[in-house]
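*Asks:*
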Amino acid sequence: MDTVAPPARFDPRGLVELDERVPGTAEVDGERAQFDARELTTRQINLELRRLVYELGIREVTVHNPGAKHSLGVGILARCRITFAGSLGYFACGLIDGPEVHITGRVGWSACENMMSGVCVIDGNAGSLTAAALRGGDLVVHGKVGARTGIDQKGGTILVLGDAGSMTGFMMQRGRQIIVGNAGHGLGDSMYDGTIYVGGKVASLGIDCVPGEWTDADTEFVTRKFTIYGLGDPPELQKFVCGKKLYNYDSLEPSERKLVL
Amino acid sequence: MCGIAGIIYRNGNGAHRLGSDMTRMLQSMKHRGPDSTGYALYRRPTAELIMRIKLDDGGSGGDIEYADRLKRRRREVEARIRAAGARVDSIDEINEYTIAVGLSYDGELKRLADYVESVPGAEVLSAGSALEIIKDLGDAQSVGTSYKLDGYVGTHGIGHVRMATESDVDISNAHPYWAYPFSDVAVVHNGQLTNYHQWRRRLERMGHRFASDCDSEIIAVYLAQKMSEGETLEQAMRHSLEDLDGVFTYICVSEGALGMAKDELAAKPLVLYEGDDMVVLASEEMAIRAIIDREIETYDPYESEVMVWTR
Numbered sequence: 331m332d333t334v335a336p337p338a339r340f341d342p343r344g345l346v347e348l349d350e351r352v353p354g355t356a357e358v359d360g361e362r363a364q365f366d367a368r369e370l371t372t373r374q375i376n377l378e379l380r381r382l383v384y385e386l387g388i389r390e391v392t393v394h395n396p397g398a399k400h401s402l403g404v405g406i407l408a409r410c411r412i413t414f415a416g417s418l419g420y421f422a423c424g425l426i427d428g429p430e431v432h433i434t435g436r437v438g439w440s441a442c443e444n445m446m447s448g449v450c451v452i453d454g455n456a457g458s459l460t461a462a463a464l465r466g467g468d469l470v471v472h473g474k475v476g477a478r479t480g481i482d483q484k485g486g487t488i489l490v491l492g493d494a495g496s497m498t499g500f501m502m503q504r505g506r507q508i509i510v511g512n513a514g515h516g517l518g519d520s521m522y523d524g525t526i527y528v529g530g531k532v533a534s535l536g537i538d539c540v541p542g543e544w545t546d547a548d549t550e551f552v553t554r555k556f557t558i559y560g561l562g563d564p565p566e567l568q569k570f571v572c573g574k575k576l577y578n579y580d581s582l583e584p585s586e587r588k589l590v591l
Numbered sequence: 005m006c007g008i009a010g011i012i013y014r015n016g017n018g019a020h021r022l023g024s025d026m027t028r029m030l031q032s033m034k035h036r037g038p039d040s041t042g043y044a045l046y047r048r049p050t051a052e053l054i055m056r057i058k059l060d061d062g063g064s065g066g067d068i069e070y071a072d073r074l075k076r077r078r079r080e081v082e083a084r085i086r087a088a089g090a091r092v093d094s095i096d097e098i099n100e101y102t103i104a105v106g107l108s109y110d111g112e113l114k115r116l117a118d119y120v121e122s123v124p125g126a127e128v129l130s131a132g133s134a135l136e137i138i139k140d141l142g143d144a145q146s147v148g149t150s151y152k153l154d155g156y157v158g159t160h161g162i163g164h165v166r167m168a169t170e171s172d173v174d175i176s177n178a179h180p181y182w183a184y185p186f187s188d189v190a191v192v193h194n195g196q197l198t199n200y201h202q203w204r205r206r207l208e209r210m211g212h213r214f215a216s217d218c219d220s221e222i223i224a225v226y227l228a229q230k231m232s233e234g235e236t237l238e239q240a241m242r243h244s245l246e247d248l249d250g251v252f253t254y255i256c257v258s259e260g261a262l263g264m265a266k267d268e269l270a271a272k273p274l275v276l277y278e279g280d281d282m283v284v285l286a287s288e289e290m291a292i293r294a295i296i297d298r299e300i301e302t303y304d305p306y307e308s309e310v311m312v313w314t315r
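Protein sequence lines, in the order shown, are assigned to chains P and F.
In terms of my numbering, the first sequence opens at residue 331 and continues consecutively.
In terms of my numbering, the second sequence opens at residue 5 and continues consecutively.
#1: Who does F:Val147 pair with in a DSSP beta bridge?
#2: For the beta strand (DSSP E) containing F:Ile98, list its first residue and its last residue.
#3: Could you give the DSSP three-state label for F:Ser244: helix, strand or coil?
#4: Quick check: F:Tyr184 and F:Arg213, are their CB atoms within less than 8 Å of each other?
#5: Roughly how many angstroms lie between the CA atoms of P:Met501 and F:Leu135, to the nearest whole one?
#6: Between the stretch 435–463 of chain P and chain F, which residues of the former have CB atoms less than 8 Å from a CB of the latter, in chain order?
#7: Of the residues that make up the stretch 282–298 of chain F, which ones have a beta carbon closer than 7 Å to any beta carbon in chain P?
#8: Any beta carbon from chain P within less than 8 Å of F:Ala144's own beta carbon?
#9: In whole angstroms, what separates the C-alpha of P:Val552 from that of F:Asp174?
#10: Would you mind giving the Cβ-Cβ distance between F:Ile266 and F:Ser308, rounded to the nearest angstrom? I have them listed as a contact below 8 Å.
#11: P:Ala456 and P:Gly514 look like a contact to me (Cβ under 8 Å); what is the Cβ gap, rounded to whole Å?
#12: Helix or strand or just coil, what does DSSP make of P:Asp546?
#13: DSSP state of F:Met29, grouped into three classes?
#14: Here's the rule: buried if 16 or more other CB atoms are within 10 angstroms of the residue's CB, otherwise exposed. What is P:Glu378?
#15: Just checking F:Met167 against the ligand MN - is the residue's beta carbon closer than 7 Å to any of the ligand's heavy atoms?
#16: Can you give, in chain order, each stretch of the alpha helix (DSSP H) that sits fully within the stretch 150–227 of chain F and has at least 4 residues?
#17: Are there 16 or more other CB atoms within 10 angstroms of the CB of P:Asn601, so buried, or fewer, so exposed?
#18: Give the interface partners of P:Lys399 over in chain F, defined as CB-CB distance under 8 Å, in chain order.
#19: Using DSSP's beta-bridge definition, name the partner residues of F:Met55.
#20: Going by C-alpha to C-alpha distance, which of F:Glu289, F:Ala270 and F:Cys256 sits closest to F:Met316?
#21: Within 10 angstroms of its Cβ, does P:Pro584 collect 16 or more other Cβ (buried), or is it exposed?
#22: Could you check which residue in P:Phe365, P:Val528, P:Lys474 and P:Val590 has the C-alpha nearest to that of P:Phe570?
#23: Along chain F, which residues have their Cβ under 9 Å away from the Cβ of P:Gly514?
#24: Can you grab the Cα-Cα spacing for the pair F:Gly155 / F:Met33, in whole Å?
#25: Along the chain, where does the alpha helix (DSSP H) containing P:Ile537 start, and where does it finish?
#26: Name the chain F residues that come within less than 9 Å of P:Gly536, Cβ to Cβ?
#27: What residues from chain P crowd round F:Pro273, counting only those whose CB sits closer than 9 Å?
#28: Please say whether P:Leu418 and P:Gly405 have beta carbons closer to each other than 8 Å?
#29: For the stretch 493–509 of chain P, which residues have a beta carbon sitting closer than 9 Å to at least one beta carbon of chain B?
#30: Rounding to the nearest angstrom, what Cα-Cα distance links F:Asp96 and P:Gly480 in this structure?
#31: When the cut-off is 8 Å and only beta carbons count, does P:Gly511 lie next to chain F?
#32: Could you please give me the residues that DSSP links to F:Met264 through a beta bridge?
#33: Taking the DSSP output, what are the residues bridged to F:Gly7?
#34: Chain P beta carbons: is any one of them nearer than 8 Å to that of F:Glu301?
#35: Can you list, in chain order, the residues of its chain with a C-beta nearer than 7 Å to that of P:Asp546? Leave out the 5 residues immediately preceding and following it.
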């Protein structure tokens with residue numbers, strides 16, 4: 331009896347991209363490469379990026395026309411420079427470890443989620459949950475960001491030149507945020523540790539977030555970050571830290587606790 | 005999850021390809037909701053009232069009397085429209101279970117709509133001089149094709165792709181919702197309302213009817229109630245932020261305006277593009293890019309924001 335073997339993977343609703351072919355359309359010029367993402371799917375764009383960075387060892391990639399697609403540039407674990415000439419959708423550049431990313435447009439929700447190290451500079455606005463669970467590296471947003479920026483942040487620096495939405499720094503555990511514009515309601519709500527600097531007005535402070543004492547180390551840190559990204563002199567900032575009224579935890583990572591013991 | 009979208013063209017000559025623009029936006033958000041797709045489309049207001057009536061959910065289900073029953077139902081609906089004192093100018097058979105009736109009627113819209121809906125199985129999807137609501141199961145491509153929306157020319161509109169969470173997958177539970185019995189107002193919603201039953205009981209006591217078990221229908225009926233108390237669309241939307249609990253971003257349209265409202269947690273996304281020629285809103289920027297093929301500047305409204313644009 332003739333039977334047609336079912337495809338190995340099948341998505342009846344047509345929502346998943348099963349196509350795993352690397353497009354291989356990039357123009358490579360020595361250490362540099364660029365490609366047009368207009369006609370490519372999310373998966374193809376990410377596969378092409380991986381081919382260039384991992385297989386060909388290219389250190390400078392430009393992606394044209396990303397068209398606000400989701401999940402682009404996710405999980406790149408190598409030192410390289412990636413430029414997205416345009417806007418990205420949700421979950422842009424999540425889980426990256428090492429790259430210097432430059433996005434000339436805006437990003438949607440959850441950009442640079444769980445970034446481990448590297449730099450991400452966004453010229454436009456960013457959506458909510460930007461840099462959720464950030465662990466290291468720098469994120470610079472030239473526009474404004476949505477709600478819950480740096481929720482659960484565990485390290486690294488978030489620098490926002492515009493305004494930030496509500497619950498910025500919610501449950502933040504470590505790291506620093508510099509918000510040059512205004513911050514929404516519930517700033518630093520339930521934060522454990524870390525520092526938030528705000529240049530504009532704060533609509534309201536969250537539970538157990540209190541103004542902190544400004545030290546020379548703060549001036550040095552802020553000035554250094556502004557200098558690195560060519561932003562001139564930093565404006566006057568207020569500092570906010572955890573009041574530690576609800577604080578029943580030690581601030582050590584499990585590996586650090588071992589060292590202390 | 006659900007995806008919502010809205011377009012309002014700024015130069016109001018009404019000759020924009022609204023149907024195909026909306027289909028492209030909704031199709032690009034198919035991953036947010038593949039269960040059903042709906043449109044609320046507006047054209048230049050006409051002198052007559054257009055009433056879209058659903059006679060059945062479609063699909064005979066093996067019922068041999070299905071065709072006869074539909075015919076009987078349609079006859080009954082037409083008879084009741086006439087009996088309520090309306091003059092039927094045209095009847096457009098959209099598909100086997102949907103009709104669009106053009107009529108002249110000076111009386112109270114609620115009386116007419118209630119009378120039509122007293123035919124078992126019949127539901128008024130929308131009524132107004134400019135509004136038409138089109139909704140069915142499937143993605144935007146299939147709904148757009150089967151309802152021939154590609155050539156639909158209009159001034160503004162909203163759309164919705166649904167991922168059902170709280171209620172059944174059928175046409176009655178699909179968005180947009182008409183603000184029954186308020187002509188020319190419709191709503192699409194992304195989120196969950198937690199005080200649905202409370203508000204439903206409250207509004208039912210005031211005499212409103214609900215066609216579905218979907219929490220989003222509350223928003224439409226709530227706005228209708230507030231507007232019948234004399235509030236403007238924007239005032240009613242602002243009050244809804246206080247009165248509705250849960251997480252929501254909704255887009256609401258009337259004959260001349262389109263507005264959005266976001267809850268105080270900013271829990272549901274919305275991306276906004278304000279251009280010289282049009283204002284476009286969608287749950288994802290991808291949807292806006294489906295109709296604007298160039299780099300554009302967009303932003304997300306903050307929590308508790310209400311914005312309204314007029315055409």
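We treat Cβ as the ideally placed atom computed from N, Cα and C, and that holds for glycine.
As the structure is a computational prediction, the values presented were derived from the model and not from experiment.
*Replies:* Let me lay it out:
#1: Here residue 147 of chain F is taken as the residue at index 143 of the second sequence, counted from 1. For F:Val147, which the question treats as bridged, DSSP gives no partner whatsoever.
#2: What you label residue 98 of chain F is simply residue 94 of the second sequence in a count that begins at 1. Following the DSSP letters along the chain, one finds F:Ile98 inside the beta strand (DSSP E) bounded by residues Arg91 to Asn99.
#3: As a position in the second sequence, residue 244 of chain F is number 240, starting the count at 1. DSSP places F:Ser244 in helix when its eight states are reduced to three.
#4: One-based indexing of the second sequence puts residue 184 of chain F at position 180. One-based indexing of the second sequence puts residue 213 of chain F at position 209. It is a contact, given that the beta carbons lie within the stated cut-off.
#5: Position 171 of the first sequence, counting from 1, holds the residue named residue 501 of chain P. Position 131 of the second sequence, counting from 1, holds the residue named residue 135 of chain F. C-alpha of P:Met501 to C-alpha of F:Leu135: approximately 46 Å in a straight line.
#6: Listed in sequence order: Gly435, Arg436, Gly438, Trp439, Gly454, Asn455, Gly457 and Ser458.
#7: Hits within the stretch, in order: Glu288, Glu289, Met290 and Arg293.
#8: Residue mapping note: residue 144 of chain F aligns to position 140 of the second sequence, counting from 1. Not closer than 8 Å to any Cβ of chain P, the Cβ of F:Ala144 fails to qualify, so no.
#9: The residue you call residue 552 of chain P lines up with position 222 of the first sequence. The residue you call residue 174 of chain F lines up with position 170 of the second sequence. So the two alpha carbons sit approximately 56 Å from each other.
#10: As a working note, residue 266 of chain F is residue 262 in the second sequence. As a working note, residue 308 of chain F is residue 304 in the second sequence. First, the residue type needs correcting, since residue 266 of chain F is Lys and not Ile in the sequence shown. The beta-carbon separation of F:Lys266 and F:Ser308, rounded to 7 Å, stays under the 8 Å limit for a contact.
#11: Residue mapping note: residue 456 of chain P aligns to position 126 of the first sequence, counting from 1. Residue mapping note: residue 514 of chain P aligns to position 184 of the first sequence, counting from 1. Not really, about 14 Å apart at Cβ, beyond 8 Å.
#12: One-based indexing of the first sequence puts residue 546 of chain P at position 216. Correct three-state label for P:Asp546: helix.
#13: Against the second sequence, residue 29 of chain F aligns to sequence position 25. DSSP, read as helix, strand or coil, puts F:Met29 in helix.
#14: On the first sequence, position 48 is the one that residue 378 of chain P refers to. Counting C-beta atoms within 10 angstroms of its own C-beta, P:Glu378 has 16 or more neighbours from the protein chains shown and is therefore classed as buried.
#15: Although the ligand MN was asked about, the structure shown includes no ligands whatsoever.
#16: Qualifying alpha helix (DSSP H) stretches, in chain order: 200–209.
#17: Outside the shown range of chain P (331 to 591) lies residue 601 of chain P, about which nothing can therefore be said.
#18: Taking the first sequence and counting its residues from 1, the one referred to as residue 399 of chain P is at position 69. Within chain F, the residues placing a beta-carbon under 8 Å from that of P:Lys399 are Met290, ordered along the chain.
#19: The residue labelled residue 55 of chain F in the question sits at position 51 within the second sequence. According to DSSP, F:Met55 bridges with F:Val105 and F:Ala131.
#20: Because chain F in this structure spans residues 5 to 315, residue 316 of chain F falls outside the shown range and cannot be described.
#21: Counting from 1 along the first sequence, the entry for residue 584 of chain P is found at position 254. Per the 10 Å Cβ criterion, exposed.
#22: To locate residue 570 of chain P, count along the first sequence from 1; it is residue 240. Nearest of P:Phe365, P:Val528, P:Lys474 and P:Val590 to P:Phe570, Cα basis: P:Val528.
#23: Against the first sequence, residue 514 of chain P aligns to sequence position 184. By Cβ distance, chain F contributes Ala270, Tyr306 and Glu307.
#24: Here residue 155 of chain F refers to the residue found at position 151 when the second sequence is read from its first residue. Here residue 33 of chain F refers to the residue found at position 29 when the second sequence is read from its first residue. Looking at the two C-alpha atoms, the distance is approximately 21 Å.
#25: Looking up residue 537 of chain P in the first sequence gives position 207. From DSSP, P:Ile537 is part of no alpha helix (DSSP H); its letter is neither H nor E.
#26: Translated into positions along the first sequence, residue 536 of chain P becomes position 206. The contacting residues do not exist; P:Gly536 stays about 13 Å from chain F at best.
#27: Locating residue 273 of chain F in the second sequence gives position 269, where the first residue counts as 1. Under the 9 Å cutoff, chain P gives Tyr420, Gly438, Trp439, Gly457, Ser458 and Gly476.
#28: For this step, residue 405 of chain P is matched to residue 75 along the first sequence. For this step, residue 418 of chain P is matched to residue 88 along the first sequence. With contacts defined by Cβ atoms closer than 8 Å, P:Gly405 and P:Leu418 do not form a contacting pair.
#29: Of the protein chains in the structure, P and F, none is chain B.
#30: Within the second sequence, numbered from 1, the residue matching residue 96 of chain F stands at position 92. Within the first sequence, numbered from 1, the residue matching residue 480 of chain P stands at position 150. Answer to the nearest angstrom: the Cα atoms are 54 Å apart.
#31: The residue given as residue 511 of chain P occupies position 181 in the first sequence. Put simply, the CB of P:Gly511 is far from chain F, with every gap to its CB atoms at 8 Å or more.
#32: Along the second sequence, read from residue 1 onward, the residue named residue 264 of chain F stands at position 260. Note: F:Met264 sits in a beta bridge opposite F:Ile255 and F:Met311.
#33: Here residue 7 of chain F is taken as the residue at index 3 of the second sequence, counted from 1. As computed with DSSP, F:Gly7 is found in a beta bridge with F:Val165.
#34: As a first step, residue 301 of chain F is located in the second sequence; it is residue number 297 there, counting from the start. At least one CB of chain P lies nearer than 8 Å to the CB of F:Glu301.
#35: Counting from one through the first sequence, the residue named residue 546 of chain P turns up at place 216. Correct list: empty, nothing qualifies.
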